[in-house]
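Report on the structure given below.
Below you can see the structure in the form of structure tokens.
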């Protein structure tokens, strides 16, 4: 049974509930159900905007593309986004881009107006009506969202949604390179990186490959946040061309690209170095792969 027990979230939720119907929605519920640590908390409420601002006077505001005012703040290292509305709260669920993002929690139970829980059971990511298509036309940076989610969850991407990604893949070239790089890091940090790579190859953004082994169990703490080391291991699990395409697709920093390619050259005996860092990293890869 889903229940919020975090005292900081309860404090914010209960404060808002005093002034109108209130519900947590979206990614917080999705990630909690999947056993993933949520990065932020989205709440919609019928409490008036003026009341919300009086409760959280240190908050910032901005206007969403749908015209809603979003009140954002950090409390006890937790990031909150509050969406005051005079509509039925379930309207927020119906606006979700992906069906697994449409769940709501009203303080007592999960509200599921779009049968989102069936997608969790089937382990599939689907669009919600035409919402994803409509949203990606206005905000191309969300194009990678289904890809990063399948890297987080191991879920498959529904055929219809995959076709939307395929038909609109040219939109990714309008995304800010720094945003694309952040998506790449999300994919690399998640447990099902190979799942995301398979979909990127199916959409023909990176070269097709056969999976030789799952590199994730081999990635010790030495690999964490050392993305060039992860890329090297992934290139052995897939192919160098595939991962080189990935590096270029996401506009990864030039230093990261250089380190990745240098290590590959050293491992292939195509280059030599006296740099102790590279020599130690080469040894780490060789021991990890037993080559």
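Numbering (our numbering), first residue to last: -9 to 281.
Quick reminder that beta carbons are idealized off the backbone N, C-alpha and C, glycines included.
If you drop the 5 nearest sequence neighbours on each side, which residues of the same chain put their C-beta closer than 6 Å to that of residue i?
| i | result |
| --- | --- |
| residue 220 | 178, 213 |
| residue 130 | 161, 164, 165 |
| residue 133 | 126, 161, 162 |
| residue 68 | -2 |
| residue 101 | 94 |
| residue 54 | 60 |
| residue 46 | 63 |
| residue 36 | 10, 11 |
| residue 225 | 233 |
What separation, rounded to the nearest whole angstrom, lies between the Cα atoms of residue i and residue j?
| i | j | result |
| --- | --- | --- |
| residue 244 | residue 11 | 49 Å |
| residue 48 | residue 139 | 32 Å |
| residue 29 | residue 196 | 29 Å |
| residue 50 | residue 62 | 5 Å |
| residue 158 | residue 150 | 13 Å |
| residue 284 | residue 5 | The chain is shown only over -9 to 281; residue 284 falls outside these bounds and no answer can be derived. |
| residue 38 | residue 128 | 28 Å |
| residue 233 | residue 176 | 15 Å |
| residue -8 | residue 265 | 52 Å |
| residue 286 | residue 218 | Residue 286 lies beyond the stretch modelled for the chain, which goes from -9 to 281, so this question has no answer here. |
| residue 254 | residue 273 | 12 Å |
| residue 106 | residue 91 | 8 Å |
| residue 57 | residue 248 | 43 Å |
| residue -6 | residue 173 | 28 Å |
| residue 66 | residue 180 | 25 Å |
| residue 124 | residue 118 | 11 Å |
| residue 7 | residue -4 | 16 Å |
| residue 262 | residue 216 | 21 Å |
| residue 238 | residue 183 | 17 Å |
| residue 250 | residue 152 | 30 Å |
| residue 0 | residue 111 | 28 Å |
| residue 231 | residue 191 | 11 Å |
| residue 276 | residue 22 | 37 Å |
| residue 205 | residue 260 | 24 Å |
Can you tell me whether residue i is buried or exposed, with buried defined as 16 or more other CB within 10 angstroms of its CB?
| i | result |
| --- | --- |
| residue 136 | buried |
| residue 82 | buried |
| residue 87 | buried |
| residue 74 | buried |
| residue 203 | exposed |
| residue 235 | buried |
| residue 185 | buried |
| residue 64 | exposed |
| residue 252 | buried |
| residue 271 | buried |
| residue 228 | buried |
| residue 154 | buried |
| residue 109 | buried |
| residue 281 | exposed |
| residue 44 | exposed |
Excluding sequence positions up to five away, which residues of its chain have a Cβ less than 8 Å from the Cβ of residue i?
| i | result |
| --- | --- |
| residue 208 | 223, 278, 279 |
| residue 171 | 240, 241, 242, 243 |
| residue 104 | 83, 84, 86, 89, 92, 118 |
| residue 113 | 143, 144, 145, 146 |
I believe residue i touches residue j by the beta-carbon criterion, under 8 Å. Please report the beta-carbon distance rounded to the nearest angstrom.
| i | j | result |
| --- | --- | --- |
| residue 256 | residue 268 | 6 Å |
| residue 60 | residue 71 | 5 Å |
| residue 242 | residue 193 | The Cβ separation is near 19 Å, so there is no contact. |
| residue 246 | residue 143 | In fact, because the Cβ distance is near 26 Å, the residues do not count as touching under 8 Å. |
| residue 3 | residue 97 | 6 Å |
| residue 26 | residue 18 | Wrong, their Cβ atoms sit about 10 Å apart, outside the cutoff. |
| residue 41 | residue 9 | 5 Å |
Can you give me the Cβ contacts of residue i inside the same chain, cut-off strictly under 7 Å, excluding the 5 residues immediately before and after it?
| i | result |
| --- | --- |
| residue 147 | 115, 136, 140, 189 |
| residue 20 | 90, 91, 93 |
| residue 34 | 13, 15, 73, 75, 79, 82 |
| residue 85 | 56, 121 |
| residue 168 | none |
| residue 201 | 184, 227, 228 |
Subject >> Entirely enclosed beta strand (DSSP E) segments - the stretch 15 to 100, minimum 3 residues >> reply: 30 to 35, 50 to 53, 59 to 65, 68 to 74
Subject >> Residue ranges of each alpha helix (DSSP H) within the stretch 126 to 166, 4 or longer >> reply: 135 to 143, 149 to 157
**OP:** Scan the stretch 163 to 200 and note each continuous alpha helix (DSSP H) run of 4 residues or more that stays entirely inside, going in chain order.
**Re:** 167 to 179, 183 to 192
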